[in-house]
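If you read the protein sequences in the order shown, they are chains A, B and C. Just so we're aligned, residue 26 is where the first sequence starts under this note's numbering, counting upward by one. Just so we're aligned, residue 97 is where the second sequence starts under this note's numbering, counting upward by one. Just so we're aligned, residue 253 is where the third sequence starts under this note's numbering, counting upward by one. Glycine included, every Cβ here is placed at the ideal spot set by N, Cα and C.
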Amino acid sequence: MASETGEKVGVYICYCGGNISDHVDVEKVAENVKEVPGVAVARTNMFMCSDPGQELIMEDIKNGVVNRVVVASCAPALHELTFRGAIQRAGMNPYLYDHANIREQVSWVHHGDAATDKAATLVAAAIGKAKHLKPLSPIRVDAKNHATVIGGGLAGLRAARDLSRRGTEVLLLEKSPFLGGQAAQLGKLFPTGENAGDLIKQLAKEVSDDSNITLRACAEIIKSEGYVGNFKITVKKSSPTSEEYIEKLDTFGNSKAGIGDFVPFIGLCPMEVPSQTEEFTQDTGAVVFATGFKTYIPSAGEYGYGEYPEVITLPQLIRMMARGKSGGKLEINGKRIRRAALIHCVGSRHIPGIHEPGSDGNLNEYCSRVCCSATLQAANEIREKHPETYVFEFYRDIRTYGRGHEAYYDRASQNNVIFFRFEPEDPPVIEKTDGSQYPLKIRVKDMLTFGEDIEAEVDLVVLSVGMVPNDISDLVDMMKLPVGVDRFLLEVHPKLQPVELAKTGILLAGTCQAPMDIGEACSAAQAASSKVATLLSRGYVELDPFVAEINIEKCTGTGNCADVCPVEGAIQQSETESDGEKVMHTRINPALCTGCGICVAVCPENAIDINGWTLGQYEAMVDAIAEC
Amino acid sequence: MATQANEGKILILATETCAYPGANSVGQAHSTYPANTYILRVRAPALFPEQFYLDCFEKGISGIIIMSCGEECPYEGAYHALAKRIDRVYKMMKERSLDIRRLRLTAICTVCNRAFLKEVNQMNDLVKELDEV
Amino acid sequence: MESEREMKFDAIVVGGGIAGLQTALDMADQDFKVAIVEKDASIGGKMIRLSKVFPTLDCASCITTPKMAAAAHHENITIFTYCNLNSLEREGDVITASLTQQPRYVDPVKCIGCRQCEYGCPVYVSDEEQGGLNARKAIYIPFSNAIPQLAVLDAENCSLCGKCAKVCPTDAVDFFQQPEDFVIRADTAVLATGFRLTPADQKKQYGEGKIENVITSLQMERILAPHGPYQRVIRPSDGKEPDSVAYVQCAGSRDKSLGIPYCSRVCCMYAIKQAMLLSGSLPIADIVIYYMDIRAFGKGYEQFYQNAKAMGIEFVKAKVASITQGEEQTVALHYENQEEGGVETREHDLVVLSLGMIPDWNPAGICPVATDDDAFIKSVMPKMAPALTDMEGVFVAGVATGPKDIVDTIVEAGSAAMEASGYLVEKRADHAA
Numbered sequence: 026m027a028s029e030t031g032e033k034v035g036v037y038i039c040y041c042g043g044n045i046s047d048h049v050d051v052e053k054v055a056e057n058v059k060e061v062p063g064v065a066v067a068r069t070n071m072f073m074c075s076d077p078g079q080e081l082i083m084e085d086i087k088n089g090v091v092n093r094v095v096v097a098s099c100a101p102a103l104h105e106l107t108f109r110g111a112i113q114r115a116g117m118n119p120y121l122y123d124h125a126n127i128r129e130q131v132s133w134v135h136h137g138d139a140a141t142d143k144a145a146t147l148v149a150a151a152i153g154k155a156k157h158l159k160p161l162s163p164i165r166v167d168a169k170n171h172a173t174v175i176g177g178g179l180a181g182l183r184a185a186r187d188l189s190r191r192g193t194e195v196l197l198l199e200k201s202p203f204l205g206g207q208a209a210q211l212g213k214l215f216p217t218g219e220n221a222g223d224l225i226k227q228l229a230k231e232v233s234d235d236s237n238i239t240l241r242a243c244a245e246i247i248k249s250e251g252y253v254g255n256f257k258i259t260v261k262k263s264s265p266t267s268e269e270y271i272e273k274l275d276t277f278g279n280s281k282a283g284i285g286d287f288v289p290f291i292g293l294c295p296m297e298v299p300s301q302t303e304e305f306t307q308d309t310g311a312v313v314f315a316t317g318f319k320t321y322i323p324s325a326g327e328y329g330y331g332e333y334p335e336v337i338t339l340p341q342l343i344r345m346m347a348r349g350k351s352g353g354k355l356e357i358n359g360k361r362i363r364r365a366a367l368i369h370c371v372g373s374r375h376i377p378g379i380h381e382p383g384s385d386g387n388l389n390e391y392c393s394r395v396c397c398s399a400t401l402q403a404a405n406e407i408r409e410k411h412p413e414t415y416v417f418e419f420y421r422d423i424r425t426y427g428r429g430h431e432a433y434y435d436r437a438s439q440n441n442v443i444f445f446r447f448e449p450e451d452p453p454v455i456e457k458t459d460g461s462q463y464p465l466k467i468r469v470k471d472m473l474t475f476g477e478d479i480e481a482e483v484d485l486v487v488l489s490v491g492m493v494p495n496d497i498s499d500l501v502d503m504m505k506l507p508v509g510v511d512r513f514l515l516e517v518h519p520k521l522q523p524v525e526l527a528k529t530g531i532l533l534a535g536t537c538q539a540p541m542d543i544g545e546a547c548s549a550a551q552a553a554s555s556k557v558a559t560l561l562s563r564g565y566v567e568l569d570p571f572v573a574e575i576n577i578e579k580c581t582g583t584g585n586c587a588d589v590c591p592v593e594g595a596i597q598q599s600e601t602e603s604d605g606e607k608v609m610h611t612r613i614n615p616a617l618c619t620g621c622g623i624c625v626a627v628c629p630e631n632a633i634d635i636n637g638w639t640l641g642q643y644e645a646m647v648d649a650i651a652e653c
Numbered sequence: 097m098a099t100q101a102n103e104g105k106i107l108i109l110a111t112e113t114c115a116y117p118g119a120n121s122v123g124q125a126h127s128t129y130p131a132n133t134y135i136l137r138v139r140a141p142a143l144f145p146e147q148f149y150l151d152c153f154e155k156g157i158s159g160i161i162i163m164s165c166g167e168e169c170p171y172e173g174a175y176h177a178l179a180k181r182i183d184r185v186y187k188m189m190k191e192r193s194l195d196i197r198r199l200r201l202t203a204i205c206t207v208c209n210r211a212f213l214k215e216v217n218q219m220n221d222l223v224k225e226l227d228e229v
Numbered sequence: 253m254e255s256e257r258e259m260k261f262d263a264i265v266v267g268g269g270i271a272g273l274q275t276a277l278d279m280a281d282q283d284f285k286v287a288i289v290e291k292d293a294s295i296g297g298k299m300i301r302l303s304k305v306f307p308t309l310d311c312a313s314c315i316t317t318p319k320m321a322a323a324a325h326h327e328n329i330t331i332f333t334y335c336n337l338n339s340l341e342r343e344g345d346v347i348t349a350s351l352t353q354q355p356r357y358v359d360p361v362k363c364i365g366c367r368q369c370e371y372g373c374p375v376y377v378s379d380e381e382q383g384g385l386n387a388r389k390a391i392y393i394p395f396s397n398a399i400p401q402l403a404v405l406d407a408e409n410c411s412l413c414g415k416c417a418k419v420c421p422t423d424a425v426d427f428f429q430q431p432e433d434f435v436i437r438a439d440t441a442v443l444a445t446g447f448r449l450t451p452a453d454q455k456k457q458y459g460e461g462k463i464e465n466v467i468t469s470l471q472m473e474r475i476l477a478p479h480g481p482y483q484r485v486i487r488p489s490d491g492k493e494p495d496s497v498a499y500v501q502c503a504g505s506r507d508k509s510l511g512i513p514y515c516s517r518v519c520c521m522y523a524i525k526q527a528m529l530l531s532g533s534l535p536i537a538d539i540v541i542y543y544m545d546i547r548a549f550g551k552g553y554e555q556f557y558q559n560a561k562a563m564g565i566e567f568v569k570a571k572v573a574s575i576t577q578g579e580e581q582t583v584a585l586h587y588e589n590q591e592e593g594g595v596e597t598r599e600h601d602l603v604v605l606s607l608g609m610i611p612d613w614n615p616a617g618i619c620p621v622a623t624d625d626d627a628f629i630k631s632v633m634p635k636m637a638p639a640l641t642d643m644e645g646v647f648v649a650g651v652a653t654g655p656k657d658i659v660d661t662i663v664e665a666g667s668a669a670m671e672a673s674g675y676l677v678e679k680r681a682d683h684a685a
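Structure representation (structure tokens):
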């Protein structure tokens with residue numbers, strides 16, 4: 026019999042070849058539910074998921090016998106999609122369907138009459154829900170196949186190229202006048218021995234030759250709105266004012282390099298610096314963050330930094346060694362370096378209660394991942410090019426984890442680099458010497474010699490500084506981006522969605538997310554490009570229909586829903602005047618709504634509901650359970 | 097069976113991503129538990145207003161276990177909102193002289209078989225004890 | 253002779269572990285047709301066998317099963333399990349894979365995964381899925397959340413009693429099933445062939461696998477997993493709840509005497525994770541990790557390590573020199589203590605060897621792709637394009653190019669999907685031009 030409102034529910038109960046029917050009297054359940062108002066037919070089958078089983082359902086739909094379907098069988102994860110597919114093939118909306126789980130949650134856990142009774146109750150509850158179902162369709166949002174990449178370092182260049190290869194139009198923005206990012210500060214790379222500058226040149230050429238990519242240097246995003254497929258950004262291009270950029274431009278100019286050239290430790294200058302400020306807007310479907318990192322600057326006095334001129338950082342050493350190429354000697358302040366001390370974990374692996382916050386007031390509890398191998402590489406280079414210079418390394422743990430990296434550690438031992446291991450509580454201490462031929466002495470409690478106090482006099486102390494994220498607080502505020510306690514951008518989940526931010530369409534590429542080496546950053550950039558392709562390559566985005574919907578007739582405009590909604594812009598309110606009265610209009614943006622339902626609970630009129638999971642459906646299920 | 101009909105009913109609101117598959121995992125292990133338990137699949141239990149719980153008790157449900165994803169909740173802010181709401185439900189239950197132990201908020205993962213059984217059995221014992229009085 | 257079955261896809265993904273699944277999903281979501289070929293009877297790889305995963309301590313199943321299900325239900329993905337890859341070669345413009353479907357002795361169309369056969373089977377066999385710590389039947393579903401949920405009959409151990417065929421409600425058991433050869437052609441392939449642990453018995457000084465209560469790290473994963481062999485933490489020899497558990501780090505890595513000079517990258521973190529889980533189930537037990545360097549380099553890993561220290565897990569900086577059987581089935585570790593000096597011996601109730609990773613697949617004779625000195629597949633541009641191999645149109649993801657944790661593997665899978673889909677698009681544009 027049909028219900029008063031015309032719902033004709035078909036109920037299909039599965040034996041599952043005995044898995045259900047051994048404990049549940051399937052025929053009895055079918056007999057019982059026939060009496061439930063709204064149920065048109067109740068049928069049973071040995072295997073409802075088999076083709077003959079599905080045929081039963083499809084026939085009833087095609088013959089107009091049923092307009093709602095309930096299947097009682099195994100867990101919905103196994104066959105919910107199977108039955109939705111069958112319903113769709115029969116020409117009915119696949120969302121007019123509910124599932125009763127009477128195998129995993131009944132016949133496999135209960136026995137005897139209790140199992141049969143419970144199965145009947147769950148089927149009745151599903152019927153209750155089915156009567157409240159309405160047709161739904163996936164939400165389709167047009168998406169512009171265009172992506173904006175922020176940052177022209179290696180990760181940004183990599184992402185831009187891959188996006189373009191995959192057919193996405195790209196706007197690549199770089200804040201500084203140069204491409205190459207932090208990689209430009211490196212010389213030879215571990216463990217391949219490639220030159221960082223060559224990688225930059227190669228990728229930058231591919232990018233500039235690519236007609237699908239628009240590159241803008243000295244450019245920053247100043248405004249952003251919208252959602253996946255439909256972002257609108259405003260970009261400001263202006264002549265650089267920061268001292269750092271002006272200085273670099275001077276050096277670049279003095280080196281007689283021109284547009285398109287790469288200068289070590291500066292970068293590759295892709296275009297003329299804009300002479301005046303200019304703004305433009307761009308519609309874009311996705312935004313890829315490749316904003317990168319900067320190196321940690323030690324606090325004044327940290328291991329003697331800023332106090333003694335002979336204390337430098339690893340990037341400074343790398344520059345020094347690159348410049349020393351022609352002279353052949355390793356010198357500081359005109360003095361030959363006979364002994365160098367390299368200290369690991371400066372600005373990384375801070376432990377609360379042991380370490381003081383660094384120069385920027387932060388504790389960096391994380392490991393910066395690349396410094397161990399980079400330091401060993403520098404040590405090897407010193408020992409191999411300047412065998413007269415002794416190298417001491419002071420470390421906590423040597424983390425040469427990458428492919429081929431362990432060989433650097435071995436080579437350092439073969440090169441007679443001398444290692445000392447310290448505990449975080451007893452870090453090395455740097456002091457001025459008194460009347461010695463060496464300017465500095467370094468004292469440490471060495472755990473490799475059972476805690477012996479060791480003192481060494483040296484010419485140079487090199488601090489292996491870690492990575493800190495670039496300051497992108499303006500973008501973080503503007504786009505409401507999640508940031509972790511380590512101040513790097515925070516992915517949704519490290520395994521489920523490692524390169525995605527909570528806001529769909531915003532992706533992570535490289536060291537804005539965490540310390541990484543170049544290979545890892547390029548991997549991340551490619552993974553982000555892959556995600557953009559899955560989002561935009563069809564020209565539209567299809568989203569689950571399980572999002573909030575407002576019943577305009579019931580809505581009184583309290584605004585409670587908008588207040589509690591955790592997603593910016595998912596619920597919008599506007600005020601209009603109608604017949605001299607102010608009326609609040611509430612609108613849902615289905616592209617942004619995640620369907621969490623927090624809004625449903627706070628509406629006093631029950632004017633808002635999640636499609637497919639409405640409060641009314643739950644109440645009907647509870648009624649059925651309570652009545653049985 | 098007459099005794100069966102009188103048994104207090106326990107409603108379980110189990111999240112789609114964590115606890116619902118967790119309950120299925122108990123089924124796969126063929127571990128048995130009281131049959132007066134009715135599991136409803138939910139996306140995020142934050143959907144239910146305070147009144148929903150009170151209505152359930154009014155309709156004759158003896159106990160409710162919310163099996164959430166806990167801090168692993170896939171919806172931003174939903175677990176926090178839920179925890180706050182349940183505090184308010186407790187207050188309302190007290191005002192109505194309902195034993196607040198009849199409502200329990202917990203987190204169950206996809207393979208938390210033992211935790212699932214413990215929760216269900218505890219609630220069943222409690223409901224039996226309270227309904228006898 | 254019957255002609256071989258032939259199928260055409262855009263891409264072949266070799267390996268149905270987390271790297272292969274993620275690659276396939278990323279490509280299928282771009283509307284490419286993907287075939288996943290997997291040698292085991294279920295997809296899920298090593299990850300589905302783990303207990304919880306660092307640094308979030310999510311249960312591994314909760315992260316893996318959604319991806320397995322997404323792949324299984326995806327309209328653009330076809331999964332071939334229990335298949336041997338005989339060859340993978342480029343023939344002109346296409347990649348051709350020749351495969352053999354191993355007989356399950358169960359009709360995959362009829363089987364409904366109800367396990368009646370398994371319950372009925374009288375033969376017990378050591379269960380490799382559970383690290384050999386307990387038994388399974390000779391016909392069985394590989395594990396509770398296996399995909400596909402199809403029984404497989406272990407012909408080697410089957411007694412041919414016929415009980416399974418009798419109890420099967422769908423008549424799915426077929427003792428006469430034969431291996432079936434078939435061919436897949438595609439434009440591109442991704443190798444996601446993963447790893448296996450270094451052998452537990454390879455090191456003489458560590459007892460060559462003969463010392464009682466010395467187990468492997470994967471066995472400990474199973475012991476800690478919700479569907480594990482014991483459902484609690486006990487040692488295998490006598491079922492005693494251990495009062496002290498030790499981890500021997502670098503038991504299969506950074507050791508030239510074993511021919512494995514490299515770091516396996518995950519052992520520090522999984523040992524710390526297992527130690528944390530153990531201290532939850534054995535609150536009063538001593539848990540000690542003997543290590544050379546703690547390599548907690550990933551996002552959130554160092555903090556995880558420091559938490560473990562704060563929880564009271566003991567870290568001893570020492571390379572364990574040898575392992576012997578102690579008194580009353582304990583295990584004696586002999587090591588030089590680097591912090592305090594001198595050779596020491598300490599006994600533990602249970603010892604876990606933190607074994608390293610070696611490649612699970614050797615392409616020699618199957619696929620002309622180059623490997624490196626470490627036997628993993630060679631990445632020809634490890635900096636700028638880590639997924640590139642020396643074979644045109646063949647890319648690589650995950651541990652196939654060297655040890656890697658799950659996070660890095662999943663990111664690399666995205667990178668391989670990018671390379672493969674970029675290759676497809678460019679190639680088709682060239683053809684069109």
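CA-to-CA distance, residue j to residue i, given in whole angstroms
i: Q100/B; j: G42/A; result: The predicted position of Q100/B is uncertain, since its pLDDT is 42 and thus under 50; a value taken from the coordinates is nonetheless stated next. Distance between the alpha carbons of Q100/B and G42/A: 27 Å.
i: C99/A; j: I565/C; result: 44 Å
Terminal residues of the alpha helix (DSSP H) in which residue i lies
i: D275/A; result: E268 to N279
Bounding residues of the beta strand (DSSP E) (the contiguous stretch that carries residue i)
i: D123/A; result: Y122 to N126
i: K319/A; result: F318 to T320
Proximal chain B residues relative to residue i, where beta-carbon distance stays under 7 Å
i: R186/A; result: The premise fails here: R186/A is roughly 33 Å from chain B at the closest Cβ pair, so nothing lies under 7 Å.
Cβ of residue i within 8 Å of any chain C Cβ
i: G383/A; result: no
i: S121/B; result: yes
The ligand FMN heavy atom lying under 7 Å from the CB of residue i
i: E580/C; result: For the structure depicted, the ligand FMN is absent and the ligand set is empty, with no information on it obtainable.
Under 7 Å from the C-beta of residue i: neighbouring residues of chain C
i: T206/B; result: C311, S313, C314 and T317
i: D422/A; result: D545, I546 and R547
Counterpart residues of residue i in DSSP-defined beta bridges
i: I106/B; result: T133/B and G159/B
i: Q598/A; result: T611/A
Interface flag, residue i vs chain A, CB-CB below 8 Å
i: R680/C; result: no
Contacts of residue i in chain C (Cβ-Cβ under 9 Å)
i: T193/A; result: Those do not exist, as T193/A stays about 10 Å from chain C at its closest Cβ, beyond 9 Å.
Within chain A, partners of residue i - CB distance below 7 Å
i: C152/B; result: V647
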